[in-house]
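Numbering (the working numbering), first residue to last: 2 to 151.
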DNA sequence: GCCAACGTTGGC
DNA sequence: GCCAACGTTGGC
C-alpha cells in the first residue's frame, strides 16, 4: 500500500495505530480492497513520491471495505457527484500498524532478481495498492528484513 | 522540475 | 467503440 509520507507516512500510522485508507479513486485499487483484502491480511507500507521511496513497515487489514465517506462530501477533493449512499462508488479499508521495519528502498528492491516481477516495481506502475506474491512477501520479510514470515 | 507511463474523459 | 487530449503519478 503506497502513501506519500508528506500526506500520510509510517510515523503517522505509528501515532494513530489504525487508519482508514480513504481517497483511493482508481478502480483497480478499489477492487483489490473490495474483493481481496480480508481482515488479518498483511501489507507492506510503501512511501512513494518522496526522497527515499520504499517499504518502511508492515500493516494489517483491521476492517474490510466499506464506503469511503469523502465521496459524499462536497467540500472534499475526493467528492464524487456520481456516488450516492445507495450506490457508493468508492470504498476504503482500515489498516493497523503491525510494525515499522528498516527502510527497504526501491533501489534495493530492484537489485534482487527474485523480486523482478513484483507489480510495484513494474515500470510506470501507478496503482496505490498492488497484490504481493507470497514468494515475494516471504523473500522481503525473511531475507531483507530478517523477520520470520507468518 | 522533467518526463514517461498510465487511467479517464469525451468527441465523434 | 475508438482514440486523442488531458490530468495524475512517481522516479529520477
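Using N, Cα and C, we set each Cβ at its ideal position, and we do this for glycine too.
Bear in mind that the values here come from a model prediction, so they are computed numbers and not experimental data.
Pairwise C-alpha distance: residue j and residue i
i, j, result
"residue 26", "residue 144", "34 Å"
"residue 54", "residue 3", "10 Å"
"residue 6", "residue 52", "10 Å"
"residue 102", "residue 81", "36 Å"
"residue 202", "residue 38", "This structure gives no information on residue 202, because the portion of the chain shown stretches from 2 to 151."
"residue 93", "residue 48", "19 Å"
"residue 129", "residue 17", "20 Å"
"residue 136", "residue 116", "9 Å"
"residue 19", "residue 124", "31 Å"
Collapsed DSSP secondary structure at residue i in the structure displayed
i, result
"residue 109", "helix"
"residue 141", "helix"
"residue 32", "helix"
"residue 118", "coil"
"residue 16", "helix"
"residue 102", "strand"
"residue 130", "coil"
Reference residue i, options the options, closest by Cα
i, options, result
"residue 28", "74, 60, 127 and 57", "127"
"residue 109", "57, 13, 68 and 75", "57"
"residue 90", "11, 111 and 35", "35"
"residue 21", "64, 50 and 59", "64"
"residue 41", "95, 120 and 136", "95"
"residue 146", "69, 59, 84 and 67", "59"
"residue 75", "66, 105 and 85", "85"
"residue 10", "50, 33, 30 and 31", "50"
Nearest-angstrom beta carbon gap, residue j and residue i [assumed within contact, 8 Å]
i, j, result
"residue 97", "residue 148", "At roughly 17 Å, the Cβ-Cβ gap does not stay under 8 Å, so residue 97 and residue 148 are not in contact."
"residue 45", "residue 133", "7 Å"
"residue 131", "residue 120", "4 Å"
Beta bridge counterpart(s) of residue i as assigned by DSSP
i, result
"residue 4", "48"
"residue 64", "95"
"residue 21", "95"
beta-carbon residue i near the ligand MN non-hydrogen atom, thresh 6 Å
i, result
"residue 105", "Summarising the ligand content, the structure contains no ligands, and the ligand MN is consequently not present."
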